[in-house]
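2 protein chains.
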Amino acid sequence: MVAMWTVKVVSLGVVGLSLSLELLFWLFSRRRSERVTNKVLFFPSKVACVEHIFSPTLPHSHVCSLPHGVDTSFSRLLRYILSACSSLDLCLFSFSNMDLSRAVLLLHSRGVTIRVLTDRVYSAISGSQIGVLRKAGICVRCDVSAVHMHHKFAVVDGRMLITGSLNWTLTAVQSNMENIIITEEPDLVQPFVKEFCRLWGLNDSAQDLNSVTD
Amino acid sequence: MVAMWTVKVVSLGVVGLSLSLELLFWLFSRRRSERVTNKVLFFPSKVACVEHIFSPTLPHSHVCSLPHGVDTSFSRLLRYILSACSSLDLCLFSFSNMDLSRAVLLLHSRGVTIRVLTDRVYSAISGSQIGVLRKAGICVRCDVSAVHMHHKFAVVDGRMLITGSLNWTLTAVQSNMENIIITEEPDLVQPFVKEFCRLWGLNDSAQDLNSVTD
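Top line first, the protein sequences correspond to chains A and B.
Going by our numbering, the first residue of the first sequence is number 1, and it counts up by one from there.
Going by our numbering, the first residue of the second sequence is number 215, and it counts up by one from there.
Below you can see the structure in the form of structure tokens.
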């Protein structure tokens, strides 16, 4: 009788332990898949005030004719960029959007390490923010090849990739039909991290001396 | 003595069953994560012959001055597109690459349902393949808005997304620095499927009648 009772207790104990491990494993897998960001943003974005993203304490009633407190594709994009804590690597064909430039300058003032790789021709066009970034002391390299550096991607803290069809211009954000993917999938992020390092190395700092200025 | 032996057998049985379930669960999870494609291709692609992708039985020695049997970013991109079994939805700013056009025509001849949504202005430029696709009977719609339809994405069989900075042109493939992501992550694919349907609906077939021809 005692032996049978022991069988039951031991069996139940083993089953209980096994189910607990299974549950822990499932919770861990679920948490991991929840943690990985996979988002898509489409443009054109609704035009709205983004001042509250730069100055969260500012009341919504400040003087501005645009709608306030509206969540748009662009405000979400700004938040993803501003989430950078340690580094931001930008590989951009065209960069003339002043709000995006402001976000990069804000991160720079917070001590985030920023590297900007851009197309030589487009860095010199009217309205380009590349000169503004350079003047602020941000490390900028222009692609030295004869072809277009047509990428439009950013890597936040070496772990989050922001990429798509969207050039960092006002027209792309407010007018064109565009897309942006935000992902933390290592299989997608790591090749971009590697490619950025390769391109950064190819266009070394020596050429900064004769690069385009604003 | 018999009771103790029974305890051991039952306990071992439960542990064995539990471990087997754990192993099956792990194999299933692994297989699932392996099945999901997450790839990145960078361009410019090495220039190589892609004839073997269209005609797999053709010997590599056929008359052509380009390197043969080389695996390039472009040959991989072609293979992903040609993997379509039932449908291919294209949302492209510019489409002038003849090999990509040939791949789409081949899929059309195999009975794959193809829908092409493109930018009105760029569909009319010299070298555009849009007229060729139309003539072959492929359903093409041009974006009717005043802004640019700047997307460069494809959805294969409603489950695989091909997107990035790369326009479907020869310059983008062979010269520029570009990227393409290939993913089956539902969180990334489904928004593009939905956006394609939305844009396709916005630019309904009525406007096909007065659209640009080659």
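Quick reminder that beta carbons are idealized off the backbone N, C-alpha and C, glycines included.
Does any residue of chain B have a CB that is nearer than 8 Å to the CB of residue i?
i             : result
residue 184/A : no
residue 204/A : no
residue 180/A : no
residue 70/A  : no
residue 165/A : yes
residue 46/A  : no
residue 118/A : no
residue 100/A : no
residue 51/A  : no
residue 153/A : yes
residue 89/A  : no
residue 96/A  : no
residue 103/A : no
residue 18/A  : yes
Just to confirm my understanding: we take residue i, look at its own chain, exclude 5 residues before and 5 after, and list those with CB closer than 6 Å. What are they?
i             : result
residue 127/A : 96
residue 154/A : 90, 162
residue 151/A : 91
residue 100/A : 168
residue 288/B : 259, 387
residue 348/B : 354
residue 317/B : 292, 295, 296
residue 209/A : Because residue 209/A carries a pLDDT of 43, less than 50, the predicted location of this residue cannot be relied on, and the following value inherits that uncertainty. Around residue 209/A: no qualifying Cβ.
Leaving out the 5 sequence neighbours to the left and right, which residues in its chain are closer than 7 Å to residue i when beta-carbon positions are compared?
i             : result
residue 297/B : 370
residue 172/A : 43, 166, 178
residue 148/A : 93, 119
residue 49/A  : 64, 66, 67, 68
residue 390/B : 257, 258
residue 293/B : 267
residue 39/A  : 182
residue 290/B : 255
residue 261/B : 280, 388
residue 188/A : 161
From the DSSP output, which residues share a beta bridge with residue i?
i             : result
residue 160/A : 156/A
residue 183/A : 38/A, 161/A
residue 140/A : 116/A
residue 392/B : 257/B
residue 89/A  : 115/A, 155/A
residue 149/A : 391/B
residue 168/A : 95/A
With a threshold of 8 Å between beta carbons, is residue i in contact with chain A?
i             : result
residue 383/B : no
residue 406/B : yes
residue 322/B : no
residue 229/B : yes
residue 342/B : no
residue 426/B : Caution is warranted here: a pLDDT of 43 is assigned to residue 426/B, below 50, making its placement in the model unreliable, and the coordinate value is therefore given only provisionally. False, the Cβ-Cβ gap to chain A never drops below 8 Å.
residue 220/B : yes
residue 254/B : yes
residue 401/B : yes
residue 338/B : no
residue 297/B : no
residue 277/B : no
residue 225/B : yes
residue 350/B : no
Take residue i and list the residues in its own chain whose beta-carbon comes closer than 8 Å to its own, dropping the five residues that flank it on each side.
i             : result
residue 107/A : 81, 82, 84, 88, 114
residue 203/A : 117, 141, 142, 143, 144
residue 384/B : 310, 311, 312
residue 415/B : none
residue 112/A : 84, 85, 86, 87, 88
So which residues of chain E does residue i contact, with C-beta pairs closer than 8 Å?
i             : result
residue 391/B : Given the protein chain composition of this structure (A and B), no chain E is represented.
For residue i, verify whether its CB is less than 7 Å away from any heavy atom of the ligand MG.
i             : result
residue 341/B : Ligands displayed in this structure: none; no statement on the ligand MG is therefore possible.
Checklist entry - How about the segment 407-417 of chain B and the segment 320-334 of chain B: do they share at least three Cβ pairs that are nearer than 8 Å? => result Short answer: they touch.
Checklist entry - What are the uninterrupted segments assigned as beta strand (DSSP E) that are 3 or more residues long and contained completely in the segment 111-137 of chain A, given in chain order? => result Within the segment 111-137 of chain A, the complete beta strand (DSSP E) runs of at least 3 residues fall at 113-118.
Checklist entry - When the Cβ atoms of the segment 352-359 of chain B are set against those of the segment 281-301 of chain B, are three or more pairs found closer than 8 Å? => result They do not touch, by the three-pair rule.
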